[in-house]
Each structure stands twice: as C-alpha cells, then as structure tokens.
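Enquirer: Provided herewith is a single structure, encoded as structure tokens, for subsequent inquiry.
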Amino acid sequence: MINRSILMIILNIILTASISFSQPRILDRIVAIVGEEKILQSDVENLHLQYRAEGVRYSGDLKCMILEDHLTQCLLLNQAKIDSIEIPESQVELQLDARLEYFINQIGSQERLEQYFNKTVLEIKEDFRGLIRDQLITQEMQRNITGEVTITPSEIRQFYNNLPEDSIPYIDSKIEINQICLYPPVDEEAILEVRQRLLELRKRINEGENFATLAVLYSQGPSAPRGGEIGFMGRGELDPEYAKAAFSLKKGQVSNIVESKFGYHIIQLIERRDERVNTRHILMKPKISTDAVSKTISKLDSLANLIRQDSISFELAAMYFSQDKQTNVNGGLVVNPLDNSTMFKLDDLQPNEYEVIRDMNIGEITESFESVDENGKQVYKIVKLKNSARPHRANLNEDYTLLQDMALSVKKEKIFQEWINEKIATTYIHIDGSFGRCSFNNPTWSREGF
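First residue of the sequence shown? That's 127 in this note's numbering, and the numbers climb one at a time after it.
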C-alpha cells in the first residue's frame, strides 16, 4: 500500500501536471495521534514540499497549518468510526472511476498513467481505495454535523449589521434578461446529406480506417481534436439517445447513426466499466439554409415590433412563441447556470450577447441576433433587459441570497468548531513536542495535545 500523504501528493501532481515526483527520502515517525488515527512526519513534510513547489503562501507556519488540517480530518474520521458511519462500496468505486478517468485525461492515456505508477489500473485503484473511502467518510461526518443547519432572516440581518465596512462584498454590475429564442428549421435534404456522409464514414471505419483520425478530420463536436473521445461517463451524463446506443455496443463496435439534441452521431465504444462507458464519436450537424435563417429573423423582428407597440408583452410572447423550453414557461427569464440566480455579470454572457446588451437601458429590446445554445446549436434571439444593478456594496435589498449564504457559512463554521472543541476534550490526542511552537487557529489543539 502507498502511504496516505504520498497518495495525496500524487493526486495533486497529476491534476497540476507541474510538480516533479522526485523528492528526498523522509525518515518517518508518528508526530500526532487522534484517537486511533496516526499522523506521520511524512504526511506533513510531503505536503509541505508540494505546497512550496506550487508557490502556496501562508502568513503563519505552513507546517503547523498542514498539521492542524490533518488533525481535523483525523478527528472527523475517528468519530465517524465510533458512530459506525459507512460509505457504500459502490460509491467508493464510482469516485475511484471518476478520479482515475480525470487523471487519465490529464496525463494523456491509461498506458501513460500505468507507466507513471509502474502498476496496472486495477493496482492503482486498490492503492487509492482506502484514501478515497476515508475522504468520503469524513465528508459524510461533516455533513452530519452541519448539513441540517439553517438560518433565520433575523440572523441574516444581524450578520449583515455586524459586518465591518471593508468586509462587505463589492458587487459588480449585474443584469437580468428575458429572451425569445427561435431555431431555424432544418430541411430534410440537409438531414439526408448528413446521414449519407456519416454512413460513408461508418463504412470506411468498418473497412479498416481509424475512427479517431476521421473524427479529427470530420467531427463538428468539441471532442474532435481528441479523436472524438469524450471519456468515461454514466447514463445520466449523456444524451438519452447517445447513452442508449453507447451502452448497447461491444468494445470497438461502431453504432448506427444516432440522433441526439446535439446533432447526428456515429459512436464507437472504447471501454466499459460497469455503468460507465468511454466512447468516441463523430458529430455532424445539418446545414441551415439562408432562407430558413431569413424567415426566422423576420419572425423575431415582427414579434419585437408587436412588443414595442404594446400589442403583446415580452413575457407573454416568450411563453407562446419562444422555442427555448428552459425559459419560455417563465416568460423568457434566463437563469444563470453558474449560480442558479437570474442575475448575470456582463462577463458571464457570450461575446455576441455582450455586444448587443451592454449599452441597453432597462426595458429595451434588442434586434434579432445569432447565438449558440448550451448544446452548441445555432439559435436566433431577441432579448429584453429586465433589470440592471449598478456596482455596489452588498445590501439586504439587492443581494439577500449572497448574504444569506455568507451568514449560513459562518454559522456552520462556528458549529463545526464547537464540535471540534467538544470532541478534542473527549478524544485521546497527542502532538509531538517538535510542533510545540505551533500557534494553531483553534488553540484547543495546543491545550489538549501537548
């Protein structure tokens, strides 16, 4: 088995792809005990070397900070074992697969990962299994402590009123928009053309040509530079039609043509691991005729004129005519996927949307313009600027949700620290005298540990 701290180092090495794994050998010894959990000198030293290589800066003693983090995690893990908190092995396996796939994508291939560790993927998984399980257990333990904590409006007001002026967040300018979206219709001839091209490519692949090479040359998807490979994914992460086809394939087999919300595909199964598959695909999208675009723009322009003449409200027009199913039920009100609010920073918008919206006044409507939806499909829009917030210090009227989240986070941290103090008092803790100089953020460690 690989030492815990070494595993953590390796995780970050692969993620950052910037730290050399050659380190001086550290003579190991136990530097702290929390209940039945032990912290080794190497746990601290190796992480310290990594942080220095990454340029991490800390105003206090970095090794003391690392040790305190380890102490907290060990306290959680020790209590989780006392409370008999367990994680289903299926959840551990899912996390292992997801992380290994991420590492493989970072390092370039499964073969390179195996060469790096000088082990097979199965052996690597077994080395990581204990670490991943412990991480999931400590996360579950912390959820048990603070997961059901709530906060009242009066607590939020008190939190805000007690914030020093320089601690109140500065909020950039934000906007709220409604939109009406129309997709130019695709004629049957264009669809037939795409299907014929995919059939020809499928035939070439079945006759021996390399799928990945053809994907680089012909696929219109973002995975084209990677030979069409999209990495391991579960059914829920894939388009339903894509998933149905992918999970029915044998290794190396190429699917028939599949229609998804992104366009038309042929798919090749690279590997399947239980309920996750790694596939590559060639995506093609039917060309939209200039006549279809003109008709779509004309319809949007007519709607915009009716709205400007007060013949129909923007919201009602969005409900009746917009083809965006995510926004038409809400009168075209757009939700920001970054924070699930309805407010956007201008920088959050697509460049073409930014250009048409940035100088608008509240209540104004854009001319029709071309954009791309979340599935990469060509769409045409008109947008109404519903609201605009000036740059300002956060306040309860305009930024209640932000302040609520801040107040809740502070309350959870207070409860968590109280839990730590309570458990420190009832748990055997020993910290080696070599760390006696440490001034921990939670001084209870110093009072009880030495």
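For every residue, glycine included, the Cβ atom is placed at its ideal position computed from N, Cα and C.
(1) Would you kindly check if the distance between the Cβ of D187 and the Cβ of C564 is under 8 Å?
(2) For A587, which of helix, strand or coil comes out of DSSP?
(3) Could you give the uninterrupted runs of the beta strand (DSSP E) lying entirely in the region 469-517, keeping only those of 3 residues or more?
(4) What does DSSP give as the partner residue(s) for C307 in the beta ladder?
(5) Which whole-angstrom value is the C-beta distance of K512 and L201, which I expect to be below 8 Å?
(6) Here's a check: name, in chain order, each residue in its chain whose Cβ is nearer than 8 Å to the Cβ of Q346, leaving out the five neighbours to either side.
(7) Quick one: give me the first and last residue of the beta strand (DSSP E) that E397 is part of.
(8) Since F561 is in the alpha helix (DSSP H), which residue starts that stretch and which ends it?
(9) In angstroms with no decimal places, state the Cα-to-Cα distance between V461 and K377.
(10) Using a Cβ-Cβ cutoff of less than 6 Å, which residues in the same chain neighbour P569 once the five nearest sequence positions on both sides are dropped?
(11) Taking 8 Å as the cut-off, decide whether the C-beta atoms of A418 and I508 are in contact.
(12) Helix, strand or coil: which one does DSSP assign to I140?
(13) What are the boundary residues of the beta strand (DSSP E) that includes S386?
(14) Could you check the C-alpha separation between I555 and L226 for me, to the nearest Å?
(15) For Y368, count the other beta carbons within 10 Å of its own beta carbon; 16 or more makes it buried, fewer makes it exposed. Which is it?
(16) Report whether the distance from the Cβ of S235 to the nearest heavy atom of the ligand NAP is below 7 Å.
(17) With H, G and I counted as helix, E and B as strand and the rest as coil, what does DSSP make of F337?
(18) Mind checking which residues open and close the alpha helix (DSSP H) that includes N231?
(19) Note down the Cα distance separating G234 from R352, rounded to an integer number of angstroms.
(20) If we call anything under 8 Å between Cβ atoms a contact, is L459 one with D474?
(21) Quick check on this structure: which residue in P348, E274, I263 and L220 has the alpha carbon closest to the alpha carbon of K538?
Expert: So, to answer that:
(1) yes
(2) Coverage of the chain is limited to positions 127 through 576, which leaves residue 587 absent and any answer about it impossible.
(3) 495-498 and 504-515
(4) K507
(5) K512 to L201, Cβ: 49 Å. No contact.
(6) G389, L409, M410 and K411
(7) G389 to R399
(8) Where F561 is concerned, there is no enclosing alpha helix (DSSP H), given that its DSSP letter is neither H nor E.
(9) 40 Å
(10) none
(11) no
(12) Because I140 sits at a pLDDT of 49, beneath the cut-off of 50, its placement in the model cannot be relied upon, and the following sentence gives the value as read from the coordinates. The answer is helix: DSSP assigns I140 an H, G or I state.
(13) V384 to S386
(14) 35 Å
(15) buried
(16) The model depicted lacks the ligand NAP and carries no ligand whatsoever.
(17) helix
(18) E215 to I233
(19) 10 Å
(20) no
(21) E274
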